[in-house]
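Just below is one structure, and these are the notes that go with it.
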Amino acid sequence: MKNIIVLLLVILFSGDLLSQRKYVKPEFVKNWSKPGRHPDHIVLNFSEDPATTISVTWRTSKEVKSAYGEIAKAHANPAFIGRAEVFEATTENINYSNVVGKYDRDDPKKNIFNTINHNYHSITFRELEPNTIYAYRVGDGKIWSEWVQFKTAHKSNAPFSFLYVGDAQNYVLELWSRLIRESYRKAPDASFIIHAGDLIDDAHDEHQWHEWFMAGGYIHRTLPSMMVPGNHEYNPFVQQDIDDNIKRLSVQWNKQFTLPNNGVMGIKETNYYIDYQGVRFLALNSNMMIEEQAKWLEQVLKNNPNKWTVATFHHPIFSASRGRDNEELRTLWKPIFDKYGVDIALQGHDHTYTRGRVQPYEQNLLSGQNVKDVTGTVYVVSVSGGKMYKVKPGWEQYEALRDKVGNNKQLFQVISVDGDKLSYKSYTAIGELFDAFDIIKNKEGVNSFVERKNEAL
Ligand SMILES: [Fe+2]
-5 MKNIIVLLLV ILFSGDLLSQ RKYVKPEFVK NWSKPGRHPD HIVLNFSEDP ATTISVTWRT
55 SKEVKSAYGE IAKAHANPAF IGRAEVFEAT TENINYSNVV GKYDRDDPKK NIFNTINHNY
115 HSITFRELEP NTIYAYRVGD GKIWSEWVQF KTAHKSNAPF SFLYVGDAQN YVLELWSRLI
175 RESYRKAPDA SFIIHAGDLI DDAHDEHQWH EWFMAGGYIH RTLPSMMVPG NHEYNPFVQQ
235 DIDDNIKRLS VQWNKQFTLP NNGVMGIKET NYYIDYQGVR FLALNSNMMI EEQAKWLEQV
295 LKNNPNKWTV ATFHHPIFSA SRGRDNEELR TLWKPIFDKY GVDIALQGHD HTYTRGRVQP
355 YEQNLLSGQN VKDVTGTVYV VSVSGGKMYK VKPGWEQYEA LRDKVGNNKQ LFQVISVDGD
415 KLSYKSYTAI GELFDAFDII KNKEGVNSFV ERKNEAL
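Anchor point for the sequence shown: position 184 equals 178 in my numbering, and the numbering is continuous, going up by one each time.
Set out below in structure tokens:
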């Protein structure tokens, strides 16, 4: 009888105990993130014309001193691999000791210093045929990756869709993994992924980059990534930087990604543009040289032959969370977005969801004009990782309209462009539709805005 009472008590209270259990971060085995001879961290990027080129970058141990990529038009018949062409990769070593990994500005005792010593390899495959499925593999000539398929872009303005995610940053392996995998399940035909900064938490921490690569798995090697750095991609690099209060771009960034080199000098591969099937994508580095990028924006928007323009950067023009504002960015970049009609800005940083807009060619939105039908730049902040902040009050102070907010949701976005219509959908980590709207462009290039409220929101 006594035993039965004890058992009943255990059953009654075990639910409570579980729900109140303190969350403990998982530990990792020693050397979990160290590379070997087998290629890992394989990632596709657009570097130049996405219809005819693609870049692939990967990581190995330092023993792999020469590396190669093979590429062929993919075919149902596996014999296609016999027609592959071989290209030699560019190999770069990084070798640093006492690099700041996990960084805590407020408690120096918590800082962790690491040694990094391994190789990165990269190839830009050129002279590809547009709208064609290719397969590639990478390796040292003996040890190879699997054959990975991807599709080149159309040369003309054909319809397409792409994914956009905000900060991965925290709990990357634990919780960002489910989000990025659900996004690929929801939009397997997406042409590429935009990452709007803060991919990890501590810029130079190889372990956290390994989490990012493991969480995305083969998605990183089959869908090209278009990424910009957030503030968390900038940290002190060595003790001297901590003493001098200097932050530097993640030591891995330029080595492990092969991004376009058409931005402002001095911030290579963090500011660039890509034209994809009728859309100009502007990737901006909101951490530094923002005045120089304002001038660059003028140049690349003045002669923009594309119907649509999408901008991505980390710090939002209209902040979403309490205690945050980026007035300098708003002062420098927003007038250029207004002037040239940037259609949508995809941002991160604030660990919540907000979506709103301004009227075209107008600073003052509250002047009695009909802002329901005509819209200027739509501004979105979204978060994909596990850290959440609270939404702050509206955007009235900025004379902008905030149409949608969301708290405590890991989200990804699927954006489709088809002729005069851009369709936007935001989904939660479990695949529920959370937000949706369309932008319709008329012959004069003026945008109408259609909120999709009835679509199971
Ligand atoms: Fe951030």
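Note that CB positions come from ideal geometry on N, CA and C, so glycine has one too. For clarity, every value in this text was computed on a predicted model and none was experimentally measured.
**Item:** Bounding residues of the beta strand (DSSP E) (the contiguous stretch that carries V408)
**Value:** Note, V408: beta strand (DSSP E), L405 to D412.
**Asked** Do N39 and T51 come within 8 Å of each other at the CB atom, strictly closer than that value?
**Response** In this structure, the beta-carbon distance from T51 to N39 falls below 8 Å.
**Request:** Report back the beta-carbon spacing between Y418 and F431 to the nearest angstrom; my notes put them in contact at under 8 Å.
**Result:** 5 Å
**Item:** Contacting residues, own chain, Cβ-Cβ under 6 Å from T303 (five flanking each side not counted)
**Value:** Taken in chain order, the residues that qualify are R274, V336 and D337.
**Asked** If we call anything under 8 Å between Cβ atoms a contact, is L157 one with I187?
**Response** It is a contact, given that the beta carbons lie within the stated cut-off.
**Best match in N279, N297, Q404 and E322 for proximity to T306 [C-alpha to C-alpha]** = N279
**Asked** Looking at the C-beta of A162, does it have a partner C-beta in chain B at a distance below 8 Å?
**Response** Considering every chain present, this structure includes no chain B. It has just one protein chain.
**Span separating the alpha-carbon of E109 from that of N25** = It is worth fixing the name first, because residue 109 is Thr in this sequence and not Glu. Using only the alpha carbons, I get a separation of about 12 Å.
**Asked** Smallest Cα separation from E263: which of Y270, K19, L276 and G272?
**Response** L276
**Prompt:** Within 7 Å: the Cβ of G379 and any heavy atom of ligand 1?
**Reply:** No, the Cβ of G379 stays beyond 7 Å of every heavy atom of ligand 1.
**Message:** Given this structure, state the Cα-to-Cα distance separating I88 from H112, to the nearest angstrom.
**Reply:** 6 Å
**Item:** Per-residue DSSP class, three states only, for G317
**Value:** coil
**Asked** Quick one: Cα of T371 to Cα of V352, how far?
**Response** 6 Å
**Asked** When the Cα of T348 is compared with those of G160, I213, K19 and R131, which residue comes out closest?
**Response** The residue with the shortest Cα to Cα distance from T348 is G160.
**Item:** Any non-hydrogen atom of ligand 1 closer than 7 Å to G342 Cβ
**Value:** Checking every heavy atom of ligand 1 against the Cβ of G342, one is found closer than 7 Å.
**Asked** On the three-state DSSP scale, how would you describe T46?
**Response** Coil.
**Prompt:** Just how far apart, CA to CA, sit N105 and K28?
**Reply:** 20 Å
**Request:** May I have the straight-line CA-CA distance separating E393 from A423, to the nearest angstrom?
**Result:** 32 Å
**Item:** Environment of N320 [buried if 16+ CB atoms lie within 10 Å]
**Value:** Under a 10 Å Cβ-count criterion, N320 is classified as buried, with 16 or more other Cβ atoms of the shown protein chains found around its own Cβ.
**Message:** Quick check: is any heavy atom of ligand 1 less than 7 Å from the C-beta of N225?
**Reply:** Because some heavy atom of ligand 1 lies under 7 Å away, the Cβ of N225 counts as near it: yes.
**Message:** Quick check: is any heavy atom of ligand 1 less than 7 Å from the C-beta of D199?
**Reply:** no
**Message:** Measuring alpha carbon to alpha carbon, tell me which residue in A184, G76 and G224 is nearest A162.
**Reply:** The residue with the shortest Cα to Cα distance from A162 is G224.
**Prompt:** Should R120 go down as buried or exposed, given a rule of 16 or more other Cβ atoms within 10 Å for buried?
**Reply:** Burial is judged here by how many other beta carbons sit within 10 angstroms of a residue's own beta carbon; R120 has fewer than 16 and is exposed.
**Nearest-angstrom beta carbon gap, Q404 and G379 [assumed within contact, 8 Å]** = 7 Å
**Item:** Residue burial classification, H69 (beta-carbon count within 10 angstroms, cutoff 16)
**Value:** Under a 10 Å Cβ-count criterion, H69 is classified as exposed, with fewer than 16 other Cβ atoms of the shown protein chains found around its own Cβ.
**Request:** Compute the beta-carbon to beta-carbon distance between Y383 and H345, rounded to the nearest angstrom, for a pair I have assumed lies under 8 Å.
**Result:** 4 Å
**Asked** Just how far apart, CA to CA, sit W389 and P329?
**Response** Roughly 17 Å between the two C-alpha positions.
**Request:** Could you spell out the range, first to last residue, of the alpha helix (DSSP H) harbouring W203?
**Result:** W203: member of the alpha helix (DSSP H) spanning E200 to G210, first to last residue.
**Prompt:** In chain order, what residues of the same chain lie with their CB nearer than 6 Å to the CB of R242, ignoring the 5 residues before and after it?
**Reply:** F231
**Prompt:** For V365, does the count of other Cβ atoms within 10 angstroms reach 16, so buried, or fall short, so exposed?
**Reply:** In this predicted model, V365 has a pLDDT of only 49, less than 50, meaning its place in the structure is not dependable; the value taken from the coordinates is given anyway. Buried, because 16 or more other Cβ atoms sit within 10 Å of the Cβ of V365.
**Request:** Tell me the start and end of each unbroken beta strand (DSSP E) in the segment 66 to 124 that is at least 3 residues and wholly inside, in chain order.
**Result:** 79 to 82, 84 to 94 and 107 to 119
**Message:** Taking 7 Å as the cut-off, is the C-beta of D192 nearer than that to any heavy atom in ligand 1?
**Reply:** yes
**Request:** Please indicate yes or no: does the CB of D161 lie closer than 7 Å to some heavy atom of ligand 1?
**Result:** At least one heavy atom of ligand 1 is nearer than 7 Å to the Cβ of D161, so yes.
**Message:** Need the endpoints of the alpha helix (DSSP H) that I311 sits in, please.
**Reply:** Looking at the DSSP string, I311 is not in any alpha helix (DSSP H), and its letter there is neither H nor E.
**Cα-Cα separation between R235 and N298, rounded to whole angstroms** = Note that residue 235 is Asp in the sequence shown, not Arg. Going by the C-alpha atoms only, they are around 40 Å apart.
**Prompt:** Which two residues bound the contiguous alpha helix (DSSP H) that contains R15?
**Reply:** Per DSSP, R15 belongs to no alpha helix (DSSP H) and is neither H nor E.
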